[in-house]
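**Q**
Residue numbers (our numbering): 71 to 168.
#1: Write down the C-beta distance between residue 107 and residue 99 rounded to the nearest angstrom, noting that I regard them as a contact closer than 8 Å.
#2: Quick check on this structure: which residue in 152, 135 and 120 has the alpha carbon closest to the alpha carbon of residue 168?
#3: Would you mind working out which of 103, 102, 122 and 134 sits nearest residue 112, comparing C-alpha positions?
#4: By DSSP, does residue 155 sit in helix, in strand, or in coil?
#5: Between 109, 125 and 127, which lies nearest to residue 152 when the distance is taken from Cα to Cα?
#6: Who are the Cβ neighbours of residue 96 in its own chain at under 6 Å, not counting the five residues just before and after it?
#7: Counting only the same chain and skipping the five closest in sequence on each side, list residues whose C-beta sits under 7 Å from that of residue 144.
#8: Quick check: the Cα distance between residue 93 and residue 82, rounded to an integer number of angstroms?
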């Protein structure tokens with residue numbers, strides 16, 4: 071967090087506490103969602119060969135951003151359809167590095 075980010079987080083929390091203390095319902099993570107809440111894995115393992123001449127940190131960052139994008143691209147689906155969509159995209163992505 072930056073100092074501005076910390077101040078904003080504290081302000082949001084303070085306002086939420088005041089709202090609940092005034093008798094209002096506490097906001098829930100499911101507010102505004104009509105279906106299942108998509109979740110994202112932190113256990114995805116890909117076989118990516120060493121990228122000679124490239125900084126490992128930069129490669130890991132690129133892969134992390136791309137994998138997160140793959141997970142998010144399946145948000146329009148649910149259940150088995152979403153799982154299969156993501157698995158398929160991850161396999162394609164992994165193959166693109168070979």
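Glycine included, C-beta positions come from ideal geometry on N, C-alpha and C. On a predicted model such as this, the values are computed, not experimentally measured, just so you know.
**A** So, from the data block:
#1: 7 Å
#2: 120
#3: 134
#4: helix
#5: 109
#6: 90
#7: 152, 155 and 156
#8: 17 Å
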